[in-house]
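In the order they appear, the protein sequences are chains A and B. Under the numbering used here, the first residue of the first sequence is numbered 186, with each subsequent residue one higher. Under the numbering used here, the first residue of the second sequence is numbered 186, with each subsequent residue one higher. Think of the CB as a built atom: it goes at the ideal place given N, C-alpha and C, for glycine as much as any other residue. Note that the structure is predicted; figures quoted are calculated from it, not measured. The structure under discussion appears below in the form of C-alpha cells.
Number of protein chains: 2
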Amino acid sequence: MKNRELPSLFAGRGRGWVRAATAALAALLLAPAASADTLVDNVKGYTLNERGVLVTFEALLVGTDGRVKQLLRKGDRRPDRPDYRLDGRGRVMIPGLIDGHGHVLGLGFQAMQLDLSDTRSLEEAQVKIAAFAAANPSPRWIVGRGWNQERWNLGRFPTAADIDAVVRDRPVWLERIDGHAGWANSAAMEAAKITAASKAPTGGKIEMAGKAPSGVFIDAAMELVGKAVPPPLPRTRDEALAKSQEIMLSQGLTSVADMGTNVEDWSAMRRAGDANRLRVRILSYAMGLDPLLSIAGAGPTPWLYDGRLRMIGVKLYSDGALGSRGAWLKAPYQDSPKESGLGFNSDAEIRNLMSRAAMDNFQVAVHAIGDKANEQLLGAIEELAETYKGDRRWRIEHAQIIDPTDIARFGRNSIIASMQPVHEASDWRMAEARMGRERLGGAYAWATMLQNKVPLAFGSDFPVESPNPFHGLAVAVTREDAEGQPPGGWMPEQKLTMEQAFAGFTTGAAFAGFAEERLGSLQPGRLADFLLIDRDIFTVPPRDVRDTQVLETWVGGRKAWERSKGAVTR
Amino acid sequence: MKNRELPSLFAGRGRGWVRAATAALAALLLAPAASADTLVDNVKGYTLNERGVLVTFEALLVGTDGRVKQLLRKGDRRPDRPDYRLDGRGRVMIPGLIDGHGHVLGLGFQAMQLDLSDTRSLEEAQVKIAAFAAANPSPRWIVGRGWNQERWNLGRFPTAADIDAVVRDRPVWLERIDGHAGWANSAAMEAAKITAASKAPTGGKIEMAGKAPSGVFIDAAMELVGKAVPPPLPRTRDEALAKSQEIMLSQGLTSVADMGTNVEDWSAMRRAGDANRLRVRILSYAMGLDPLLSIAGAGPTPWLYDGRLRMIGVKLYSDGALGSRGAWLKAPYQDSPKESGLGFNSDAEIRNLMSRAAMDNFQVAVHAIGDKANEQLLGAIEELAETYKGDRRWRIEHAQIIDPTDIARFGRNSIIASMQPVHEASDWRMAEARMGRERLGGAYAWATMLQNKVPLAFGSDFPVESPNPFHGLAVAVTREDAEGQPPGGWMPEQKLTMEQAFAGFTTGAAFAGFAEERLGSLQPGRLADFLLIDRDIFTVPPRDVRDTQVLETWVGGRKAWERSKGAVTR
C-alpha cells in the first residue's frame, strides 16, 4: 500500500493529529483495511431502513467481512477499540447508488470512441468527426455515437454525404444517442455491401434519399451495417470494462444492472473477476436467450467474486425507441401518421421467450417504450404469472409511455417499472412532437406508478444518457432538464420527493435485482458500499442536486475511488 | 459430513482401534479434513522427484492448504501431533495421474450416449442401436459413437441402409471411434438436407454408394450432418461434465488437458467451478482461436477455483486421422494409392494461426497424425521459434507417424510430443495396412523420442480410447494390446520402462502444461493429488498393470473418490 492510497479522510488536520495518524497508518500498512473493523465517524449519514424510512446516522462501523456492522447515532457509545477510526469531518454519507439499467461495456466503449453527444449542430458534429479521424489514423473503421438530429434542430436525419464531406477514405459508423439508429458514410455502406436493392429486415427501416439509402438505418436495419464493423478485440473489451468501472465509481455508482450482456461482455467480466479487477457490482441480464442459456445454464449463477458479479436473468425487447419512431404505439405517430412503430414480436413469440427464461427461474426484463409495447407485456405477464408463481419480479425496462388505463396493471402483478428519470428531461419535447400532449398522460409517470404501488427502480440507460445518478435524482424531483427547462417541470404532478427518488436509485434498484438483502441500504449485514459527497441532497435546493460531487466511493468496506486521486487499486 | 463419507482407510480394523477411530471421527466431524494437517502413514509410496528420479516413501504429510508438506521414509520421525492420522495399511500410493490429451465433455457425453465401441460386428452394432432407440424414446435424434469397421472386419464402411434396417423413424448419427468419420441413417441425411448433389467441403469427403451418399461422412464433411444435430442443452452439458469427472476420478486421473474446449464447454466448466463442483483439475486448450480469444482475451487465464481450471492455450489441427485416411502422409496410402490424406492448412495458414496465439503468450498444441502433417508443424515451429523466444513448449498432439529423419527436429526445439500409448495398441494392424511396415520406422516411437531428448507427455485421447491410464502404462511397457497381441510387442524396441511410462502420465504431462511446479510429483509444495491403488505397478508383471484398480483418489489433500463408495462430495 503506497502513501498516496491512504484514506483522504486523514487529510487537512494539524500536526499532532498527523503524528497520531502516522501511527494508525503504520497499522494500516501491516494489514489491509478489510481485515479489521473500521469505524467511519463524524458523518452526516442517510439511508433508507428496512421499512423504507429515511434515517440518519453519525458513524458507520464496518466489519472485517466488508459488511455494515452497526449504525451509530449522535450520543451512541462508540466501540471501545475499532481497528481503524476514520474521521468523516462532517461530510454527507449515503449508500452507494445503483443504476438499475445501464450498459457496462457500452459506457467504456463510448468513452474510447468518437462522442457526438455534446454537439449542437450538424456542423459541429462534422468538425468533431474530422478531428477524431485525424487524431486516430490507425483504426480501420471510425466508430462513434451520440448524435441527435432533434438537438441539432436539423429537421431531417443526417445523410452519408454529410459525413463524406469530412471523411471519405474510411468507413464511419455512428449510432444515434438512443442506440436505435445508425448513420453511415459511403465507405461504410460500401464495406457493408449496402445498395439500392438492400432490404430492411423485420423491425427495421432503411432511410432513403431518392432511390438510394440515405445513410441512416433504423433499429433492426442497423445490423446491415453493424455486422460489417470489425468486432472489438478482447483486449479492447478489457480496457472498456476498466474505463466503465472508473467512470461509474467516479459518479457514485457502486452497482449496476447490465441490461444486455453478450457472451463477449461476460468473458470480459469474468476475466476482470479472475484478475481481481471487478470494482463495481454487476448484475447481469443476458442479451437474449442464447447467451443466457450458454452462460448460466440451468439457472441464475450464484453471486461470484465476493458479490461482484451475477447473471440473474435475460433482457428481451418488445419495441424500439421513440426518437427513431421505433417505439410501438397504440395509435400512429402524430408527426408521421403512417407509422406506429415497430413491434418486435408477436404476442405468442414474446410470451414464449419470457416463458423459456422463467421456466428455469431466470428473471425476465423486457424493453418497452411505447404504450402498445407496454400493453403487450402487461398481457404477457398476466398470462405467465398464472404458470410461474411466487416472487418473479417481472421487469419492464423504460415503461416510458403507458396508456393511463394500463398503469394499474403494473401494480396488480407487482411488475417492476425500471425507469430512467433523465429520459424525461431529454425526451419531453420530442415526446410531445411524436404523440401530442394529450396522449402522454401516462408518460414518465413516476408518481402515478408509486400511487399504484408499482415497485420503481431507477437508472440512467448509460451510455444513452450520462451515468451520473445525481442527474437522475435532480430530474426526478424537478422534471426540469439541465437548462432548467421547462421551468417548474414538465407534467410537474409527476415530480417525486427526494426520498422517493433516492429509493429508486438504492432500495428500489436493489429490490429489482433480488439484491435487497445485500445492496441499497446501510444496515447491519448489508454490504458496506457507500459514498461521501459534497452536499446534503436532502436539504439543498433541488436544482443543486445535479451538481453533487462524489468525494469518495467505497465498495465492500474498502475505498475504491476518491476525487483527489482517482481510482484506488484494490 | 455423513458417516458413509468418512475415510475408508479406517475400515477393517479391530474393536479397540474402532474406538480410537471414533474419537478421531468426532474430531473430523468438527472440522473439514483440509483445514488441518493430515498424515497418511504406512503406505508404499512412489513418486518422481525434482530430478526425475523415482523415489519411495512410507508416509505423506499434507498441509492445511491441500499441498504436500513432507514425505517421510521408514524410520523418519513422524510429526508429533498431526491433526489427522490415516493408516494406509501398506497400500501403494502414487501421484494422481494426468491425462495429457483428453476431451472432458466428450467423455461425459459418450457415457450418456449410445456406445458402439464394444461391438465386434455390424450385426452386434445393429442390435445395440435398436435396443438404445427402444430404451430412449424421447430424444429427437439418436446420437452415438464408437463404431470401427476395421474391428468389425467389415471390409467396407457401413451404410445408411445398415441403420435404416433397425431405426428408420428418427435421425441416427454415429461417430467413428476416432471421431474422424460419421455414419448417418436416411432420416439423418434427410434432416440435414443431404442429397446426391451435396458437395464435401475442403478437408472432407462424402462416401458414395453409386450416385448417392452412402451415409458415411469423413472429417470436414461430418459437419454437413453434424450441424443438423440439435446441440446439447446446457443442463445436459452439466451432467456430462459431472459424469466425466466421476469417470476420471474412478480411473485414477486427477488432472487432464482438455484438448479443444469450446465456449459452451467452458461455460459448463465455469458453472461447475462457481458451484464448487470441479473435482478434477482441467487445463484447457481452446478449440481454435475464436473461443481462445473470446474466453481468455489477452493471455492465459490464471489458475481458477483453487487450481482446478485454467485456459492456457489453443488446440489447432494439421490433419485428420489414420483410420479414415485423413492423416496427411508424405506418400500415398498403401491401401488406397490415390489418397495421401488431408492437410487442413497451407504452411502459411497454420503458421499464422500459431503465431496469432503465440503473440499473446498462449501455448500452442497442434494435432498431427501423418508424417507430412508432422513435418509441416516442425517447419512451422522452427520458423516461429525465431520470433517467439523463451519457454514456449510447442506441443504436437499425437505425433503419431513421424519420418525417422524428422524425429531429431522435435528435440532441437524442445517440442513436446503429446502421445497416447493406447493408440499404438489400437492402431498397429491398421497402420501396417495403411502404410506398410517399412514406412513405420518412426511410428508411435516413444523410445526414439526419449533418446532424442524429446519431452514426452502421455494421455489417452479419451473418449476415443478408454481414459484408464493404467491401460496406457501397460501398453507403454509392453507394446501389446489387451489381448496380448502381438506377443512380445509391436516394434518392441520402442517399449519403455515403467519409470519412463509413469513419467509420461505424471511429470511429463505436467511439464507439457506448464504445471510442473504444482502437479505430477509428490514433493513439498506440490498439490496433494494422489491415488491408493491395489498393486505395485513397478514390481508386478507388466501385463498385470492394465488391471490395476484404483482404491481411492485424493485431490488437493481431500478424498474425491473411493472404490467402495463412489464419488465423495466435497
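Neighbourhood of Asp491/B by C-beta distance below 8 Å, restricted to the same chain and skipping five residues each side: For Asp491/B, same chain residues with a beta-carbon under 8 Å away, outside a window of 5 residues either side, are Gly251, Gly741 in chain order.
Minimum Cβ-Cβ distance from Pro485/A to chain B less than 8 Å: Closer than 8 Å: no.
N-terminal and C-terminal residue of the alpha helix (DSSP H) that Gly458/B is part of: For Gly458/B, the enclosing alpha helix (DSSP H) has its first and last residue at 448-459.
Reference Leu409/A, options Leu538/A, Ile379/A, Tyr518/A, closest by Cα: Of Leu538/A, Ile379/A, Tyr518/A, the residue nearest in Cα terms is Ile379/A.
Whole-number beta carbon distance between Arg420/B and Leu736/B, since they are thought to touch under 8 Å: Contact flag wrong, Cβ pair sits at about 33 Å.
Partner residues on chain A for Val126/B, Cβ-Cβ distance less than 8 Å: Because chain B in this structure spans residues 186 to 755, residue 126/B falls outside the shown range and cannot be described.
Close-in-space but distant-in-sequence residues of the same chain around Asp576/B (CB under 7 Å, 5 per side omitted): Here Asp576/B has no same chain residue with a Cβ atom under 7 Å from its own Cβ, once five neighbours each way along the sequence are excluded.
Delimiting residues of the alpha helix (DSSP H) encompassing Lys557/A: 556-572
For Arg743/A, the three-state DSSP class (helix, strand or coil): strand
Where the beta strand (DSSP E) through Met604/B begins and ends: 601-604
Cβ-heavy atom distance, Gly237/B to the ligand SAM, below 7 Å: Only the bare structure without any ligand can be found here, which leaves the ligand SAM out of the picture.
Contacting positions in the stretch 436-462 of chain A - beta carbon closer than 8 Å to chain B: Val448, Glu449, Ser452, Ala453, Arg455, Arg456, Asp459, Ala460
Asp261/B (DSSP reduced to helix, strand or coil): coil
Backbone CA spacing between Ala772/B and Gln605/B [nearest angstrom]: This structure leaves residue 772/B out entirely; chain B is present only between 186 and 755.
Cβ of Gly751/A within 8 Å of any chain B Cβ: no
Partner residues on chain A for Gly498/B, Cβ-Cβ distance less than 7 Å: Near Gly498/B there are no residues of chain A at all, since even the closest Cβ is about 15 Å away, more than 7 Å.
Cross-chain neighbours of Gly482/B in chain A, by beta carbon under 8 Å: Correct list: Pro419, Arg420, Arg422, Asp423, Ser452, Ala453, Arg456.
Nearest candidate by alpha-carbon position, reference Ala550/B, set Gly445/B, Glu392/B, Gly693/B, Asp423/B: Residue Gly445/B is the option with its Cα nearest to Ala550/B.
Stretch-stretch touch, CB-based, cutoff 8 Å, three pairs: the stretch 420-435 of chain B with the stretch 263-278 of chain B: No contact exists between the stretch 420-435 of chain B and the stretch 263-278 of chain B.
Cβ-based contacts, 8 Å cut-off: residues of the stretch 489-515 of chain A near chain D: Chain labels in this structure do not include chain D; the protein chains are A and B.
Three-state class that DSSP yields for Ser503/B in the structure shown: coil
Completely contained beta strand (DSSP E) runs for the stretch 284-312 of chain B, where each covers 3 or more residues: none
Test item: CB-CB of Ala506/B and Asp363/B under 8 Å: yes
Beta bridge counterpart(s) of Ser440/B as assigned by DSSP: Ile283/B, Arg466/B
Range covered by the beta strand (DSSP E) that runs through Gln548/A: 548-553
Helix, strand or coil at Leu474/B according to DSSP, with G and I counted as helix: helix
Inter-stretch contact at 8 Å, needing at least 3 Cβ pairs: the stretch 618-627 of chain A / the stretch 533-553 of chain A: no
Three-state class that DSSP yields for Thr663/A in the structure shown: helix
Identity of the residues DSSP links to Pro398/B by a beta bridge: The partner list for Pro398/B (beta bridge, DSSP) reads Met393/B.
Rounded separation between Lys500/A and Gly511/A - CA only: 18 Å
Beta-carbon spacing of Arg578/B, Ala713/B below 8 Å: no
Distance CB(Leu563/B)-CB(Arg536/B) smaller than 8 Å: no
C-beta atoms of Asp756/A and Gly555/A nearer than 8 Å: Past the edges of chain A, shown from 186 to 755, lies residue 756/A, and the structure says nothing about it.
Best match in Asp475/A, Ser509/A, Pro654/A for proximity to Val730/A [C-alpha to C-alpha]: For Val730/A, the closest C-alpha among the options Asp475/A, Ser509/A, Pro654/A is that of Pro654/A.
Length of the line joining the Cα atoms of Ser371/A and Met393/A: 13 Å
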